[in-house]
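Let me begin by presenting the structure, written as structure tokens, before commenting on it.
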Amino acid sequence: MREEKELVLQAQKGDENAFCALYELYAKKLYNFAMFRLGDPYDAEDAVQNCMLVAFEQITKLKKAEAFSPWLFKILYCSCVTLIKEQAKKRETQDLENALHLFSAEDEKMVSQSEVHEALAALSEEEQNIVLLSVIGGLKSKEIAKITGYSPGNVRQKLRRSLAKMKKRLE
Numbered sequence: 014m015r016e017e018k019e020l021v022l023q024a025q026k027g028d029e030n031a032f033c034a035l036y037e038l039y040a041k042k043l044y045n046f047a048m049f050r051l052g053d054p055y056d057a058e059d060a061v062q063n064c065m066l067v068a069f070e071q072i073t074k075l076k077k078a079e080a081f082s083p084w085l086f087k088i089l090y091c092s093c094v095t096l097i098k099e100q101a102k103k104r105e106t107q108d109l110e111n112a113l114h115l116f117s118a119e120d121e122k123m124v125s126q127s128e129v130h131e132a133l134a135a136l137s138e139e140e141q142n143i144v145l146l147s148v149i150g151g152l153k154s155k156e157i158a159k160i161t162g163y164s165p166g167n168v169r170q171k172l173r174r175s176l177a178k179m180k181k182r183l184e
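Numbering (the numbering used here) for the sequence shown: 14 to 184.
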């Protein structure tokens, strides 16, 4: 399999197969992020489709191939914000992806997804975005900083505080 950077470079040259391969690499993460932001599978699919359409149309404007992941998540983030504004109603976030399990440090019991959902929903939208970009998107603080406009240090601090709030709520 070709490396991600090579796929991006090929897609920038118009290789649709390379772009399809990039889609396959990111589809699940993008969908999970959109699902948590929007709370509805159809809206999440719409946001991902819009994101990928914009990415396909704009990929030649991407200056650094290695910046593809944060660039793609920024497009998705903006897509989600647009959908939320259009709906004029905030929706709660949904269950975390099935593979995500949080454990209580004291007794190491598994926390139910509904408890995680409640803890996540108790955070501000800004805090939710940072947690989701980190946990589901797998993005680093520098990448999240580019998306949110905060400094990497501020992102790390907000992430720590948000996770601490969630942990306290789960105890």
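Note that CB positions come from ideal geometry on N, CA and C, so glycine has one too.
Query	Result
Any chance you could list the alpha helix (DSSP H) runs of at least 4 consecutive residues sitting entirely within the segment 18-93, in chain order?	29-51 and 54-71
Just to confirm, are F254 and I143 a CB contact at a threshold of 7 Å?	This structure gives no information on residue 254, because the portion of the chain shown stretches from 14 to 184.
Quick check: the Cα distance between L51 and V67, rounded to an integer number of angstroms?	19 Å
I need the straight-line Cα distance from H114 to A57, nearest angstrom please.	Residue placement at H114 is poorly supported in this model, since its pLDDT is 41, which falls under 50; the coordinates still yield a value, given next. Approximately 22 Å between the Cα atoms of the pair.
Below 7 Å CB to CB, which residues in the same chain sit around P186 once its five sequence neighbours on both sides are set aside?	Any property of residue 186 remains undetermined from this structure, which presents the chain solely from 14 to 184.
Here's a check: name, in chain order, each residue in its chain whose Cβ is nearer than 6 Å to the Cβ of F81, leaving out the five neighbours to either side.	V21
Thinking just about the alpha-carbon of each residue, which of F32, K181, Q141 and Q62 is nearest to the one in K171?	Q141
How close, in whole Å, do the beta carbons of K18 and A78 come, if the pair is a contact with beta carbons under 8 Å?	5 Å
Roughly how many whole angstroms lie between the Cα atoms of E119 and K181?	Note that E119 scores a pLDDT of 42, beneath 50, so its modelled location is shaky; the value from the coordinates is reported in the next line. Roughly 12 Å separates the two Cα atoms.
So is A40 buried or exposed if we call it buried at 16+ other beta carbons inside 10 Å?	exposed
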